[in-house]
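Undergrad:
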């Protein structure tokens, strides 16, 4: 019964409210390098959302999508070298990539190609930066 | 025991709160529909940012995944317009209609599931509030029939189920915080203030100079969420306590950028407020 009910509501004792627990410990920056009509472009999707969008045109949901998926990807990253990590090609990476692609498609009103992403992770307390690369 | 049974069967409880809460929920849904329409393309349309997977959900589950499974974005558009229309009808209708409220709940559930990667706690809460509040009444007529009795008891149970929902939200959240090192050390609000995803640039830049304030705020928030289910019943401090919560959720809405979550939480405070005059229709 629970298996079916859980799709329709969140039963009381299956709920898991955390509300900023654990709280944000990292600032994320996505560097996107891609092509539109064979012309190279660069973008910082998270910063664009935070500084160019407001509550009515998607600041909240775009920010949540990009930072949540960045957080999951960061947690699952594979250590390559000192402060350098590789993307683990799992469903979270797939979600992050999809969000970034769709956001950039929408921004350019055109299909983007050859997207390469670098995720910069800054520890809020130590200010140490690490990088996630993949492609 | 008899007293409890009488309390739930005797008359509609908290009529003004229920009436106002339902109407606010319809207004909230109407605003949310306008928001969905303004951002339709990137939420449900050609550039939808939530990834979908083609897997069969089975007949029973499919009712919640109609938009998610559909390849045609017009279905989402239809659901949004239907939610908007039904919310406005329900808002201006003096009577409540259970079937219409349950339909709104199913529509909102489908719309919410399709945009799962964009969801905050507010969306999950909204779905639950839509379901639980469907059983509340807006009109409080007399009657001694079985159907009238059923309406009264459903209204009263639903009202306290909504209150329990808020308690569970704060309770679970507080419990998680009591196990978290950053909350216990008083650093949680400072860290969040320094996160540019959930803060404003002037706060990020100046958080170091008011570190002491962030530590005190962390402990106040921890105490607020932990004690909410107890202190909200004490009439003398209730207005101040709720006012403090409103300030907290306004901060979450406008500074942290979780706009709809902040607003929906403020809306739930209507359930706790003590109105000086009740509609006072008793059997």
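Protein chains in written order, with our numbering: chain V, 1148 to 1282; chain E, 4 to 286.
Idealized CB from N, CA, C, for every residue including glycine.
None of the values given here were measured: they were computed from a predicted structure.
1) Using the beta-carbon of each residue, which ones in chain V are nearer than 9 Å to residue 71 of chain E?
2) Can the beta-carbon of residue 35 of chain E be found less than 8 Å from the beta-carbon of residue 97 of chain E?
3) Indicate whether residue 1242 of chain V and residue 46 of chain E have their beta-carbon atoms separated by less than 8 Å.
4) What are the residues in the stretch 1219-1242 of chain V lying within 8 Å of chain E by C-beta distance?
5) According to DSSP, is residue 101 of chain E helix, strand or coil?
6) With the cut-off set at 8 Å, would you say residue 247 of chain E and residue 227 of chain E are in Cβ contact?
7) Do you know offhand how far residue 266 of chain E's Cα is from residue 129 of chain E's?
8) Thinking just about the alpha-carbon of each residue, which of E/60, E/211, E/222 and E/232 is nearest to the one in residue 165 of chain E?
9) Would you tell me roughly how many angstroms separate the C-alpha atoms of residue 1256 of chain V and residue 1249 of chain V, rounded to the nearest one?
10) Under 8 Å, with one C-beta from each stretch per pair, do the stretch 156-175 of chain E and the stretch 64-83 of chain E reach the 3-pair mark?
11) Taking the C-alpha atoms as reference points, what is the distance between residue 225 of chain E and residue 39 of chain E?
12) Please state the DSSP three-state secondary structure of residue 1271 of chain V.
13) Mapping DSSP to helix, strand and coil, what is residue 1229 of chain V?
14) Which partner residues of residue 1207 of chain V appear in the DSSP bridge assignment?
15) Quick one: Cα of residue 245 of chain E to Cα of residue 75 of chain E, how far?
16) Below 8 Å between beta carbons is the criterion; list the residues of the stretch 1249-1279 of chain V that meet it against any residue of chain E, in chain order.
17) Please tell me whether residue 179 of chain E has its Cβ less than 8 Å away from any Cβ of chain V.
18) So, does the stretch 200-213 of chain E touch the stretch 175-182 of chain E, judging by three or more C-beta pairs under 8 Å?
19) Under 8 Å by Cβ, that's how I've got residue 86 of chain E and residue 114 of chain E pegged, so tell me the actual separation to the nearest angstrom.
20) Check residue 1191 of chain V in the structure and name its three-state DSSP category.
21) Give every residue of the same chain whose Cβ lies closer than 7 Å to the Cβ of residue 285 of chain E, excluding the five residues on either side of it in the sequence, and list them in chain order.
22) What does the alpha-carbon distance come out to for the pair residue 91 of chain E and residue 30 of chain E?
23) Output the distance between the C-alpha atoms of residue 1203 of chain V and residue 170 of chain E, rounded to the nearest integer angstrom.
24) Assign residue 1279 of chain V to one of three DSSP states: helix, strand, or coil.
25) Run the CB neighbour count on residue 1184 of chain V, radius 10 Å, all protein chains shown included, and call it buried at 16 or more, exposed below.
26) Under 7 Å, CB to CB, which of the residues in the stretch 192-206 of chain E have a partner in chain V?
27) Are the beta-carbon atoms of residue 1277 of chain V and residue 1246 of chain V separated by less than 8 Å?
28) Can you tell me which residues form a DSSP beta bridge with residue 222 of chain E?
29) Suppose contacts are defined by Cβ-Cβ distances below 8 Å. Is residue 133 of chain E in contact with residue 116 of chain E by that definition?
30) Along the chain, which unbroken stretches of the alpha helix (DSSP H) at least 4 residues long are found entirely within the stretch 230-277 of chain E?
31) Which residue comes first and which comes last in the beta strand (DSSP E) that contains residue 1176 of chain V?
32) Where residue 89 of chain E and residue 103 of chain E are concerned, what is the direct C-alpha to C-alpha distance, given to the nearest angstrom?
33) Look at the alpha carbon of residue 1269 of chain V and the alpha carbon of residue 1275 of chain V, and state the distance between them as a whole number of angstroms.
TA: Walking through what the data contain:
1) The sequence position of residue 71 of chain E within the second chain is 68, counting from 1. Close partners of residue 71 of chain E in chain V (Cβ separation under 9 Å) are lacking, with about 11 Å as the shortest Cβ gap.
2) Within the second chain, numbered from 1, the residue matching residue 35 of chain E stands at position 32. Within the second chain, numbered from 1, the residue matching residue 97 of chain E stands at position 94. For residue 35 of chain E and residue 97 of chain E, no; Cβs fall outside 8 Å.
3) Taking the first residue of the first chain as 1, we reach residue 1242 of chain V at position 95. Taking the first residue of the second chain as 1, we reach residue 46 of chain E at position 43. Their beta carbons are not under 8 Å apart, which means residue 1242 of chain V does not touch residue 46 of chain E by this criterion.
4) So the list reads 1241 and 1242, given in the order they occur along the chain.
5) Position 98 of the second chain holds residue 101 of chain E. Note: residue 101 of chain E maps to helix in three-state DSSP.
6) As a working mapping, residue 247 of chain E is identified with position 244 in the second chain. As a working mapping, residue 227 of chain E is identified with position 224 in the second chain. In this structure, residue 227 of chain E lies closer than 8 Å to residue 247 of chain E by Cβ.
7) The residue you call residue 266 of chain E lines up with position 263 of the second chain. The residue you call residue 129 of chain E lines up with position 126 of the second chain. In a straight line, the C-alpha of residue 266 of chain E is about 11 Å away from that of residue 129 of chain E.
8) Position 162 of the second chain, counted from the start, is the residue given in the question as residue 165 of chain E. Closest by alpha carbon: E/232.
9) For the purposes of this step, residue 1256 of chain V is taken as residue 109 along the first chain, with counting starting at 1. For the purposes of this step, residue 1249 of chain V is taken as residue 102 along the first chain, with counting starting at 1. In a straight line, the C-alpha of residue 1256 of chain V is about 10 Å away from that of residue 1249 of chain V.
10) no
11) Within the second chain, residue 225 of chain E is the residue found at index 222, counting from 1. Within the second chain, residue 39 of chain E is the residue found at index 36, counting from 1. Whole-angstrom Cα-Cα distance: 33 Å.
12) In the first chain, counting from the first residue as 1, residue 1271 of chain V sits at position 124. DSSP places residue 1271 of chain V in coil when its eight states are reduced to three.
13) In the first chain, counting from the first residue as 1, residue 1229 of chain V sits at position 82. Residue state, collapsed to three classes: coil.
14) The sequence position of residue 1207 of chain V within the first chain is 60, counting from 1. Answer by DSSP bridge pairing: none, since residue 1207 of chain V is not bridged.
15) Walking along the second chain from the start, residue 245 of chain E turns up at place 242. Walking along the second chain from the start, residue 75 of chain E turns up at place 72. Rounded to the nearest angstrom, the two C-alpha atoms are 44 Å apart.
16) 1249, 1250, 1252, 1253, 1271 and 1272
17) Here the question's residue 179 of chain E lines up with position 176 in the second chain. Yes, residue 179 of chain E counts as interfacial toward chain V.
18) no
19) In the second chain, the residue the question calls residue 86 of chain E occupies position 83. In the second chain, the residue the question calls residue 114 of chain E occupies position 111. That pair is a contact at about 7 Å.
20) On the first chain, position 44 is the one that residue 1191 of chain V refers to. It is coil, neither helix nor strand.
21) For the purposes of this step, residue 285 of chain E is identified with residue 282 of the second chain, where counting begins at 1. Confidence in residue 285 of chain E is poor, its pLDDT being 47 and thus under 50, which makes the residue's placement too unreliable to answer from.
22) In the second chain, the residue the question calls residue 91 of chain E occupies position 88. In the second chain, the residue the question calls residue 30 of chain E occupies position 27. Rounded to the nearest angstrom, the two C-alpha atoms are 8 Å apart.
23) For the purposes of this step, residue 1203 of chain V is identified with residue 56 of the first chain, where counting begins at 1. For the purposes of this step, residue 170 of chain E is identified with residue 167 of the second chain, where counting begins at 1. The straight-line gap from Cα to Cα measures roughly 30 Å.
24) For this step, residue 1279 of chain V is matched to residue 132 along the first chain. Strand at residue 1279 of chain V.
25) Along the first chain, read from residue 1 onward, the residue named residue 1184 of chain V stands at position 37. That one is exposed.
26) 194, 195, 197, 198, 199, 200 and 201
27) Here residue 1277 of chain V refers to the residue found at position 130 of the first chain. Here residue 1246 of chain V refers to the residue found at position 99 of the first chain. No, these two residues do not count as a Cβ contact at 8 Å.
28) What you label residue 222 of chain E is simply residue 219 of the second chain in a count that begins at 1. For residue 222 of chain E, which the question treats as bridged, DSSP gives no partner whatsoever.
29) Taking the second chain and counting its residues from 1, the one referred to as residue 133 of chain E is at position 130. Taking the second chain and counting its residues from 1, the one referred to as residue 116 of chain E is at position 113. Result no, Cβ atoms of residue 133 of chain E and residue 116 of chain E do not sit closer than 8 Å.
30) List check, alpha helix (DSSP H) in window: 241-257 and 262-271.
31) As a first step, residue 1176 of chain V is located in the first chain; it is residue number 29 there, counting from the start. Residues 1173-1183.
32) The count along the second chain starts at 1 and reaches residue 89 of chain E at position 86. The count along the second chain starts at 1 and reaches residue 103 of chain E at position 100. Rounded to whole angstroms, residue 89 of chain E to residue 103 of chain E spans 7 Å at the Cα level.
33) Sequence index remark: in the first chain, residue 1269 of chain V carries index 122 (1-based). Sequence index remark: in the first chain, residue 1275 of chain V carries index 128 (1-based). So the two alpha carbons sit approximately 6 Å from each other.
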